[in-house]
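Numbering (our numbering), first residue to last: 129 to 615.
The beta-carbon is built from N, C-alpha and C at its ideal position, and this holds for glycine as well.
Comments concern the structure below.
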């Protein structure tokens, strides 16, 4: 073997060892680590994105390595290999085989070992030095690779020092060389540690959008999940519970417990393009802020509003099951007048029920086209009873109990009755409107009793759920006819 050939063979051996190691190491992180063999598996669709062309450098690598082993020239293959490898620097988003796109949030050490493999192979083709010793052959490469690794480690260390605990776990996991992010410099505050008192109400700033009657929140055209169950928006207090929503004008005088939650453009020196924040409205006091990073693969923002933050905001206004100690009695002599009035919101007026300054928005799945609204001094009961002669369960009953002072939804009583329990239901005409024939309702503890021309019946909640800590009623209702005589 000639001295120069021995020199080349050593570099070829080192190159293929680097390549084998790189295949078993993370090349980058996008929704998790992407190992070299995963990346190679994307070769059939890699051409769909410019940065994906880098994977084809491996084909030219194999061809060049074989030619050099056979002691043939491989200048063209080496040139094409390096040219395709340069597309790696453009990698920001990674297209998966199923068509999805993931954002790359960190580079792994596998990418650097892979680059070392390619450069060592190029050295085997272009390095014309005569072999003297292993150390002599590898010295230039040791110097270059050590310098690169040192710079990368210094950069990772600087990111680690500036990143908070959540950014470290997200962008600098074990195996990552460095993250693709700008450290916020803001200590991470988990949503469940936000300094908000119980009963605090979140006011969403104008940066949010509501999608028709749905409490879905949209920022910059991206849906980020549902709103809190209780919030203020554009001068109105929204309260969601179950399938229903109430809207009342916001009382600006009672603002001690109101906090702005919004998104604004980043200022100079702040990370990212957007900042999300919470400010106490009355004192204009900053409570919390963090970078708002849009996650393409999840169509949401970070920190995650739709899950952890939203859940924490809901805990601030948890309502326990309403169970009046004294009976509530509603009758036809105390009905609320429906008073339609305009709202400065994009809502479908046909779906709204308005009375006493309260706008009640039922779910599209619930039929509340014809209702009777009973009122007392403190409460309102919205009642809807439908009769479907051809149904197996012809009577559909719905009642929603509200607090008049603030529109809070206290309870929902849904029930269905069959003909077997009340055979006289089958004698009702097809156009019968049961709502018009309910003249009295009483509520006491867990029980609702309705008195009507077509019979008297009671609905009773079975009791608390198994998890007593939740303090929630079991959704299952027991329906029982007391008097089946049609008056």
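Under the DSSP definition of a beta bridge, residue 511 partners with 500 and 527. Taking 4 residues as the shortest admissible run, the stretch 183-263 contains the following complete alpha helix (DSSP H) segments, listed from N- to C-terminal end: 185-197, 203-213 and 237-254. Residue 286 is classed as exposed because its beta carbon has fewer than 16 other beta carbons within 10 Å across all chains shown. Check the Cα spacing between residue 288 and each of 547, 330, 309 and 372: the tightest is with 309.
In the assembly as shown, residue 175 is an exposed residue. Its beta-carbon has fewer than 16 other beta-carbons within 10 Å. Contact between residue 570 and residue 577 holds: their C-beta atoms lie close to 5 Å from each other, under 8 Å.
Residue environment analysis places residue 410 among the exposed positions, since fewer than 16 neighbouring C-beta atoms fall within 10 angstroms of its C-beta. When the beta-carbon positions are compared, residue 316 and residue 292 come within less than 8 Å of each other. Per the coordinates, the alpha-carbon of residue 445 lies some 26 Å from the alpha-carbon of residue 479. Inclusion of residue 487 and residue 471 in the CB contact set at 8 Å is warranted, their separation being smaller than that value. Counting of Cβ neighbours within 10 angstroms places residue 267 among the exposed residues, the total staying below 16. The DSSP-derived three-state label of residue 570 is strand.
If you draw a straight line from the Cα of residue 463 to the Cα of residue 443, it comes to about 34 Å.
For residue 448 and residue 171, the gap between their C-alpha atoms comes out near 56 Å.
Bridge partners of residue 543 according to DSSP: 525. Within the same chain, 440 come within 7 Å of residue 320 by CB-CB distance, once the 5 residues on both sides are set aside. Going by DSSP, residue 164 is part of the alpha helix (DSSP H) stretching over 164-169. DSSP places residue 418 inside the beta strand (DSSP E), whose first and last residues are 413-419. For residue 439, the enclosing alpha helix (DSSP H) starts and ends at 438-443. Per DSSP, residue 293 is one residue of the alpha helix (DSSP H) stretching across 293-299. With at least 16 other beta carbons inside 10 angstroms of its own, residue 251 counts as buried. Around the C-beta of residue 522, 16 or more other C-beta atoms lie within 10 Å, and the residue is accordingly described as buried. Taking C-beta atoms as the reference points, residue 566 and residue 554 fail to come closer than 8 Å.
Spanning the alpha carbons of residue 202 and residue 254 requires a straight line of approximately 10 Å. Looking at 322, 247, 141 and 229, the one whose alpha-carbon comes closest to that of residue 213 is 247. In the three-state scheme derived from DSSP, where H, G and I count as helix and E and B as strand, residue 146 is classed as helix.
Secondary structure of residue 173 (DSSP, three-state): coil. Straight through space, the alpha carbons of residue 159 and residue 208 are spaced by roughly 30 Å. Residue 373 counts as buried, since at least 16 other C-beta atoms from the protein chains shown sit within 10 angstroms of its C-beta.
Secondary-structure assignment with DSSP links residue 469 through no beta bridge to anything.
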